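Participant:
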Amino acid sequence: MASTDAKARIGFDPVEFPHRYTDPRDVEVSALLAAALAYGRADLFRPKVDALLKQMGPSPAAFVRALDVAGAKELLTGFVYRFNVGTDLAVLLLGMGRALREHGSLEALFVQGWKASGTLHGALAAFTAALRAVPMEPLRKAMGPERGLHHLLPSPLGPGAAKRLNLYLRWMVRGPDAVDFGIWKQVPASALLVPLDTHIGRMALHLGLTKRTDLTWRTAEEVTASLRALDPDDPVRYDFALCHYGMSGACPAKTVPQHCARCALLPSCKVGPRAVARSSVQI
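In structure tokens form, the structure reads like this:
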């Protein structure tokens, strides 16, 4: 997927938000906020992230370090995005602020869980649990009950693919390049897991990277293992290109023979050649 124009595609991706900042702490805070809300339609979640970051000022890290319940209420009263309400977002922001005050960075908090568990799943589970460890009763009293906190910050992590958390890790760990930042130095890119979503799942099936059809952690592991055969040191380097190939409509959910015929991946695809052959017969 060397032909993918990463710089052009960034504007369609939530990674655009942390690219507004240069300080590593601002990058990791804005990135986690963006990744956490990056579900559903991009034209709906992007304005939500944009508005929050603008209200947080020039340094998201400084903002969350100083944030308290009163400040969270002022920022988030009336906030609603699909499953999530202001109280959910307040937990995330307050949790990040606590992590920065106690550990110095979100990287340090993640690495603590990484070293303790020795697995990516265990490290992410510890990471989300730590972020959620904020006093809930003052928040509920000030802002009302949480609604979609588990969707925003899943804890326990469970068997799902944890797409948005693995996306966040990709941004932080691999690179630096035109898309990813490479500001977390203590976790190797070889340990990352592909951020599995419907686009990656479809592309992975078509390319024979997996035979599994569910969007689970096990499927993400299988897809990543196939990609690791191509690049053992940086298996998720292919994620951005593959995902955006699907998102752009080049490889839609319903096979379009005309698209398949001109696809650069056709020789490696398990679906496209059959679609082209059937179309040619009909013609």
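At position 86 of the sequence shown (counting the first as 1) the number is 127 in my numbering, and the numbers step up by one without a gap. Backbone N, C-alpha and C fix where the C-beta goes; we use that ideal spot for every residue, glycine too. None of the values given here were measured: they were computed from a predicted structure.
1. Taking C-beta to C-beta, are Cys-301 and Ala-316 nearer than 8 Å?
2. What is the rounded straight-line gap between the Cα of Ala-76 and the Cα of Gly-313?
3. Note down the Cα distance separating Pro-59 from Leu-194, rounded to an integer number of angstroms.
4. Span of the alpha helix (DSSP H) holding Trp-212?
5. Under 8 Å between the Cβ atoms of Val-110 and Leu-134?
6. Can you check DSSP and say which residues form a bridge with Gly-201?
7. How is Tyr-80 classed by DSSP in three states: helix, strand or coil?
8. Count the CB pairs spanning the segment 88–105 and the segment 166–185 that are closer than 8 Å, and state whether there are at least three.
9. Among the candidates Ala-83, Met-213, Val-277, Glu-178, whose CA atom is the shortest distance from the CA of Pro-55?
10. Take the Cβ of Ser-44 as the centre, count every other Cβ of all protein chains shown within 10 Å, and call the residue buried at 16 or more, exposed below.
11. In whole angstroms, give me the CA-to-CA distance for Val-126 and Ala-166.
12. State the CB to CB distance for the pair Glu-187 and Thr-128, rounded to an integer number of angstroms; the pair is presumed to be in contact (CB under 8 Å).
13. Drop a sphere of 10 angstroms on the beta-carbon of Val-322, count the other beta-carbons inside from all chains shown, and report buried for 16 or more, exposed for fewer.
14. What is the rounded straight-line gap between the Cα of Lys-89 and the Cα of Leu-74?
15. Quick one: Cα of Leu-246 to Cα of Gly-216, how far?
16. Would you call Gly-185 buried or exposed, if buried means 16 or more other Cβ atoms sit within 10 Å of its Cβ?
Facilitator: A quick look at the data gives this:
1. yes
2. 32 Å
3. 19 Å
4. 204–214
5. no
6. Thr-257
7. coil
8. no
9. Ala-83
10. With a pLDDT of only 45 at Ser-44, under 50, the local geometry of the prediction cannot be trusted, and the value read off the model is given with reservation. The residue is exposed, with fewer than 16 neighbouring Cβ atoms inside 10 Å.
11. 22 Å
12. 4 Å
13. For Val-322, the predicted structure reports a pLDDT of 44, less than 50, and the residue's modelled location is therefore unreliable. The matter cannot be settled from this model.
14. 10 Å
15. 26 Å
16. exposed
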